[in-house]
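Worksheet: the structure to be examined is printed underneath.
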Amino acid sequence: MNGRTTSRASGTVLAFDFGTRRIGVAVGERETGTAHPLETIDAEDNQTRFARIGAMIQEWRPVELVVGLPLSMDGTEHEMTLRCQRFANQLRGRYNLQVHFADERLTSADAATRLFEAGGSSFDKAAIDALAAQRILLDHLARTDAMDHDAT
Numbered sequence: 024m025n026g027r028t029t030s031r032a033s034g035t036v037l038a039f040d041f042g043t044r045r046i047g048v049a050v051g052e053r054e055t056g057t058a059h060p061l062e063t064i065d066a067e068d069n070q071t072r073f074a075r076i077g078a079m080i081q082e083w084r085p086v087e088l089v090v091g092l093p094l095s096m097d098g099t100e101h102e103m104t105l106r107c108q109r110f111a112n113q114l115r116g117r118y119n120l121q122v123h124f125a126d127e128r129l130t131s132a133d134a135a136t137r138l139f140e141a142g143g144s145s146f147d148k149a150a151i152d153a154l155a156a157q158r159i160l161l162d163h164l165a166r167t168d169a170m171d172h173d174a175t
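Numbering (this note's numbering), first residue to last: 24 to 175.
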């Protein structure tokens, strides 16, 4: 036990850093607030993409999904925002899971910096996407934990 009181369900959460060529994926636990980069799906066609996502959902049995929402630095939406929202709607419809959005501004830049500082290549796009998904998930878990504590 970690001593925290929370009203939210415990369980596994999958997060996605959506892109048209690659999707970074991270897995985390609501109860502990931890997250780890899982993999990067390198597929442009929906059939391959959703086959892999379906396999991950079968394996990890998440209680919810989180999708990073790309916004301009001033907070406005753009073309990728709409594509990402469509992706989230497809996840919701295909897997009947609750899907949350998390602001993903600067997550890829943060991931590239962390990768470089750890001795990796800041040009490794697949690793950056998975690390960005981890940052998206950590931010979501921290935000929902703070909301739960504010409500008590």
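Note that the Cβ used here is the ideal one computed from N, Cα and C, for glycine as well. A quick note: this is a predicted structure, and the numbers were derived from the prediction, not measured.
Can you give me the C-alpha to C-alpha distance between R53 and V89, rounded to a whole angstrom? Each residue's Cα considered, the two are about 12 Å apart.
Under a Cβ-count criterion, where at least 16 other Cβ atoms within 10 Å of its own Cβ denotes burial, should T71 be classed as buried or exposed? Exposed, by the Cβ-count rule.
Within the continuous alpha helix (DSSP H) that includes A78, where are the two ends? DSSP places A78 in the uninterrupted alpha helix (DSSP H) bounded by 69-83.
Whole angstroms are fine: how far does the CA of A111 sit from the CA of L120? When the Cα atoms are used, L120 and A111 turn out to be separated by approximately 10 Å.
Does DSSP classify E62 as helix, strand or coil? Look at E62 here: in three-state DSSP terms it is strand.
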